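Reading through the C-alpha cells given below for one structure.
Residue numbers (my numbering), protein chains in the order written: chain A, 1 to 200; chain B, 1 to 200.
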C-alpha cells in the first residue's frame with residue numbers, strides 16, 4: 001500500500017520561503033562584514049521582512065549565526081558523506097567527512113569560531129543551538145559508520161573514536177593559536193591526530 | 001662547582017607576598033560567589049591592597065580568574081605527576097594526571113568552564129593567559145612521558161596522543177551538556193575515551 005505524499009500547504013511554503021530569505025541575507029551580511037558589524041535590522045531589510053517577523057525565526061544575532069552556520073554545516077555533512085563512499089581506507093573516509101565541515105566552518109574564521117563557542121558553551125535548549133548539537137551528533141555517526149569498515153573496530157569502539165574525532169576537530173578549529181592558519185593546515189593537523197587513533 | 005642560591009630581595013618578596021594575597025582573596029571570593037557576582041574592589045579590599053596596585057597584577061576579573069585557576073592547576077599538575085609515578089599501567093598513569101586537573105577545574109563548575117573558554121578563545125598574548133596555555137602544554141608533556149612506558153608508543157606518537165587527551169579533557173569539562181555532572185562522571189567519560197586511544 002502506498003501513501004501519496006501530502007502536498008505542502010501555502011502557509012508552510014510561505015514560512016520556509018521566509019526562513020530561506022533570512023538565512024541567505026544573514027549569510028551574505030555575516031560573511032561580508034563579520035557578525036559583530038551587522039545589525040538584525042540590516043538582515044531584516046535585506047531579507048525584505050519586518051524585524052517583528054525576523055524575531056519569530058531567530059531572537060538574537062547569535063541565533064542568526066547558528067541558523068546560517070547550521071545551514072552550511074548541513075550541506076557540508078551531506079557532501080562529506082557522499083565523498084566518504086568513494087574513499088579507499090578509513091583515514092581517507094574520515095577525512096572526506098571532516099574536510100567539508102572544516103571548510104564551511106572557516107569560510108569566515110571569526111564567525112566559525114563564534115559558532116563553535118556557542119556549540120560548547122551556549123544554551124542547548126535554544127532551538128538553533130539544539131540543531132547545531134544534532135549536527136555534531138550526525139557527524140559523529142557518519143564517522144563511526146566509516147570507521148567500522150575496519151573489521152577490528154566494533155560499533156562501540158567506533159562511536160567512542162568518533163566522539164574523540166569531534167573533540168580533535170573542535171579544538172583544532174576553535175583555538176586562538178590556529179585563528180590565522182589556513183583550512184589546509186587545520187585539515188592536516190586533524191588528519192595527523194586521526195591517524196594516531198586508528199589501529200596500525 | 002656549586003653556586004649558592006641568590007637571596008631573594010625584599011622587593012621581590014614583597015611582590016610575591018602581594019600576589020599570594022590577591023590570589024587567595026580572589027580564590028575565596030570566586031569560589032564562594034562565582035566570578036560574575038564578585039567585584040575587583042571586593043578582591044582588593046580582602047587582599048588589603050589598593051585597586052591601583054591590584055591593577056598591576058591583573059587588569060580584569062577575567063585575568064584574576066586565570067591567576068586563581070592557574071595557581072590551582074599548577075598544584076594539581078604537581079600532585080598528578082607524583083601520583084602517576086606509582087601507577088601500574090599507562091591508562092592508570094594518564095588518569096592519575098588527569099583526575100586532579102578535573103577536580104581543580106570543577107571545584108566551582110561555572111568558574112572552571114569560564115577558564116576553559118578563556119584558554120581556547122582568549123588572547124594568548126595576555127600574561128596569565130599565556131601561563132594557562134603553558135600549563136596545558138606541561139600537562140601534555142607529563143601525559144606523553146607516561147604513555148611512553150608502553151614500548152609500542154614512540155615519543156612522536158606519545159606527543160600526538162597526549163594532545164588528543166587534551167582535546168578530550170577540554171570538551172568533557174567544558175560542554176554545557178556536562179555542566180551538571182559530578183567530577184567522577186567526567187573522569188569516567190575521559191577514562192573511557194583514553195582507553196580507546198591506547199594500543200590493545
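Glycine included, each C-beta is placed from N, C-alpha and C at the ideal position.
Treat the numbers as computed from the prediction; the structure is a model and nothing was measured.
{"query": "Distance between beta carbons of residue 176 of chain B and residue 122 of chain A, contact taken as under 8 Å", "result": "7 Å"}
{"query": "Buried or exposed by the 16-neighbour rule on C-beta atoms within 10 Å, applied to residue 56 of chain B", "result": "exposed"}
{"query": "Inter-stretch contact (C-beta, 8 Å, three-pair minimum) for the segment 114-128 of chain A and the segment 50-68 of chain A", "result": "yes"}
{"query": "Pick from B:178, B:16 and B:147 that is closest to residue 165 of chain B, judged by C-alpha positions", "result": "B:147"}
{"query": "Rounded separation between residue 26 of chain A and residue 109 of chain A - CA only", "result": "16 Å"}
{"query": "Distance between residue 47 of chain B and residue 74 of chain A (C-alpha atoms, nearest Å)", "result": "52 Å"}
{"query": "Beta-carbon contacts of residue 154 of chain B that lie in its chain and below 8 Å, excluding the five residues immediately before and after", "result": "148"}
{"query": "Proximal residues to residue 115 of chain B (C-beta, below 8 Å), its chain only, five neighbours per side dropped", "result": "65, 66, 69, 105 and 132"}
{"query": "CB-CB length for residue 22 of chain A against residue 97 of chain A, believed under 8 Å", "result": "Not quite, the Cβ-Cβ distance comes to about 28 Å (not below 8 Å), so this is no contact."}
{"query": "is_contact[residue 1 of chain B, chain A] using C-beta, thresh 8 Å", "result": "Confidence is the limiting factor: at residue 1 of chain B the pLDDT is only 49, short of 50, which leaves the residue's position unreliable and the question unanswerable from this model."}
{"query": "Three-state secondary structure (DSSP) of residue 38 of chain A", "result": "coil"}
{"query": "Inter-residue Cα distance where the pair is residue 36 of chain A and residue 29 of chain A", "result": "11 Å"}
{"query": "Alpha helix (DSSP H) segment containing residue 24 of chain A, residue limits", "result": "10-33"}
{"query": "Cβ of residue 139 of chain A within 8 Å of any chain B Cβ", "result": "no"}
{"query": "Identity of the residue in B:156, B:151, B:9 and B:72 nearest residue 140 of chain B by Cα", "result": "B:156"}
{"query": "8 Å contact criterion, which residue 84 of chain B and residue 93 of chain B should meet: CB distance rounded", "result": "4 Å"}
{"query": "Any chain B beta carbon closer than 8 Å to residue 157 of chain A", "result": "yes"}
{"query": "Min CB distance residue 90 of chain A to chain B below 8 Å", "result": "no"}
{"query": "Where residue 182 of chain B falls: helix, strand or coil (DSSP)", "result": "coil"}
{"query": "Beta-carbon neighbours of residue 97 of chain A, restricted to chain B and to distances below 8 Å", "result": "Residues of chain B passing the Cβ test: none, with the nearest at roughly 17 Å."}
{"query": "Collapsed DSSP secondary structure at residue 189 of chain B in the structure displayed", "result": "helix"}
{"query": "Residue 183 of chain A and residue 91 of chain A closer than 8 Å at C-beta", "result": "no"}
{"query": "Residue 92 of chain B: first and last residue of the uninterrupted alpha helix (DSSP H) it sits in", "result": "90-105"}
{"query": "Span of the alpha helix (DSSP H) around residue 126 of chain B", "result": "Here residue 126 of chain B belongs to no alpha helix (DSSP H), and DSSP marks it neither H nor E."}
{"query": "Status (buried if at least 16 other CB within 10 Å, exposed otherwise) for residue 10 of chain B", "result": "exposed"}
{"query": "Assumed close pair residue 100 of chain B, residue 152 of chain B - CB separation to whole angstroms, cut-off 8 Å", "result": "No, residue 100 of chain B and residue 152 of chain B are not in contact; Cβ-Cβ is about 27 Å, not under 8 Å."}
{"query": "Interface partners of residue 128 of chain A on chain B, CB under 9 Å", "result": "Correct list: empty, because the minimum Cβ distance to chain B is about 14 Å."}
{"query": "Euclidean distance between Cα positions of residue 31 of chain B and residue 58 of chain B", "result": "18 Å"}
{"query": "Outcome for residue 33 of chain B when other beta-carbon atoms lying within 10 angstroms are tallied against a minimum of 16", "result": "exposed"}
{"query": "Range of the contiguous alpha helix (DSSP H) that encloses residue 86 of chain B", "result": "Residue 86 of chain B -> no alpha helix (DSSP H), and no H or E assigned at all."}
{"query": "Counted within 10 angstroms of its Cβ, other Cβ atoms place residue 80 of chain B as buried (16 or more) or exposed", "result": "buried"}
{"query": "Proximity test, Cβ basis, 8 Å: residue 146 of chain A and chain B", "result": "no"}
{"query": "Listed by chain order, chain A residues near residue 193 of chain B by CB distance under 7 Å", "result": "160, 163 and 164"}
{"query": "DSSP three-state assignment for residue 138 of chain A, whether helix, strand or coil", "result": "helix"}
{"query": "C-alpha distance - residue 191 of chain A paired with residue 161 of chain B, whole-angstrom precision", "result": "13 Å"}
{"query": "Continuous alpha helix (DSSP H) stretch holding residue 113 of chain A: start and end", "result": "109-121"}
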